[in-house]
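Residue numbers (this note's numbering): 5 to 324. All C-beta atoms, glycine included, are put in the ideal place defined by N, C-alpha and C. All figures in this text were calculated on a predicted structure; none of them were measured in a lab. Here is the structure we will look at, set down as structure tokens.
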Ligand code: UDP
Ligand code: MG
């Protein structure tokens, strides 16, 4: 879908920046400083920063408190325990009030300066502006290789894959934030959910820096859980696979039996084929249940045309 330029006549749009934080006391003061400088340099926007403490055990919350007290445009919330990055992002999105909302990591791997470019593209009408990693400094070969492999697999089997080499550093229009906020998905995989809604989407390339300080908070376990959620939420292929294999085994067995005129060849693959097919049928039901439980909207309206006293009035999809 094509974007439409946003025009704000009587007020400046509000830009919210959500920063999920888990044990980031070493970097936060610096992050707040750099982010504030970038946001102060956006003359066309009012801005707010929202820090979400995802159950940190170091001095993160105390630091966030003092940042919020010293800056009128900084708000903060603390989750009751560590719920994980995706939940922290969702909490921040729900807390945000901006016409556009950016999610950015706390560790300055995502340069806040990119936000200016994102905001300009949002004004041009794009609803989703993802930051696309051109390079990744300070990350292990293992992390880079597994990430590259995972996104390619996801891209191949997902109905609406997220753009390659993007993470959660992204600007989202209010409309999308509202859609995500009412999402019922338990194992949220934000970057996959975002693409699903089909709103005008673009990206800006950037060079991912090394962490400013501290170590990654994404343990291998958390990374595996995230990948699992990404696959389960964005592809039903694994559930369907047994049905395809079963059907193939039955057709193969029947063909071999016909060619060789030996019914035992069908019998040999038949039992396996029927079982796999039955598993695939159960998979179809499970897929239907999953879709129901996710509670995503049936559709998102792109544009609407209405006839008003003889002339055709185009209702902008975005609120002006
Ligand atoms: N984070 C979080 N909850 C967690 C793990 C991470 O809120 O359970 C935050 C973390 O503080 C950072 C962002 O998510 O702002 C990305 O985490 P990190 O930089 O450790 O991941 P990496 O960049 O190594 O993948
Ligand atoms: Mg990081």
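Notebook entry, point to check: For the 8 Å Cβ check, are there 3 or more pairs between the segment 268-283 and the segment 240-256?
Noted result: A contact exists between the segment 268-283 and the segment 240-256.
Open item on the list: Could you tell me which whole beta strand (DSSP E) segments of length 3 or greater appear in the segment 163-220?
Closed with: As for any beta strand (DSSP E) of minimum length 3 sitting wholly inside the segment 163-220, the runs are 170-177, 205-212, ordered along the chain.
Mark residue 303 as exposed unless 16 or more other C-beta atoms lie within 10 angstroms of its C-beta, in which case mark it buried. In the assembly as shown, residue 303 is an exposed residue. Its beta-carbon has fewer than 16 other beta-carbons within 10 Å.
- prompt: Which value, in whole angstroms, describes the spacing of the CA atoms of residue 323 and residue 273?
  reply: In this predicted model, residue 323 has a pLDDT of only 43, less than 50, meaning its place in the structure is not dependable; the value taken from the coordinates is given anyway. CA-to-CA, the gap between residue 323 and residue 273 works out to about 59 Å.
- Query: Does the segment 222-239 come within contact of the segment 85-99, defined as at least 3 CB pairs closer than 8 Å?
  - Reply: Yes, the segment 222-239 is in contact with the segment 85-99.
**Prompt:** To the nearest angstrom, how far is it from the Cα of residue 176 to the Cα of residue 133?
**Reply:** So the two alpha carbons sit approximately 7 Å from each other.
### Query
Could you give the distance in angstroms between the alpha-carbon of residue 294 and the alpha-carbon of residue 183?
Per the coordinates, the alpha-carbon of residue 294 lies some 18 Å from the alpha-carbon of residue 183.
- Query: Around the Cβ of residue 5, are there at least 16 other Cβ atoms within 10 angstroms (buried) or fewer (exposed)?
  - Reply: Classification of residue 5: exposed, given that the 10 Å Cβ count is below 16.
When you compare the CB positions of residue 143 and residue 167, do they come within less than 9 Å of one another, or not? Going by C-beta atoms, residue 143 is not nearer than 9 Å to residue 167.
message: By the three-class DSSP mapping on this structure, what secondary structure does residue 223 have?
response: Coil at residue 223, not helix or strand.
At a threshold of 8 Å, does residue 199 count as lining the ligand MG (C-beta to nearest heavy atom)?
In this structure, the C-beta of residue 199 stays at least 8 Å away from each heavy atom of the ligand MG.
Next item on the list: Grab the span of the alpha helix (DSSP H) containing residue 288 for me, first residue to last.
Entry: It spans 268-298 - the alpha helix (DSSP H) in which residue 288 sits, taken as one unbroken run.
Q) What residues in its chain sit with their C-beta under 6 Å from that of residue 60, if we drop five residues either side in the sequence? A) For residue 60, where only same-chain residues beyond five positions count, the Cβ hits under 6 Å are 26, 27.
- heavy atom of the ligand UDP below 8 Å from residue 109 C-beta: Checking the Cβ of residue 109 against the ligand UDP gives yes.
Item checked: Cβ contact check for the segment 34-54 and the segment 111-130: 3 or more pairs under 8 Å -> At 8 Å Cβ cutoff, the stretches touch.
* Compare the Cα-Cα distances from residue 219 to each of 112, 52, 174 and report the closest residue. => If we check each option's Cα against that of residue 219, 112 comes out closest.
| query | Looking only at C-alpha atoms, which of 130, 17, 62, 243 sits nearest to residue 47? | reply | Proximity to residue 47 across 130, 17, 62, 243 peaks at 17, based on C-alpha coordinates.
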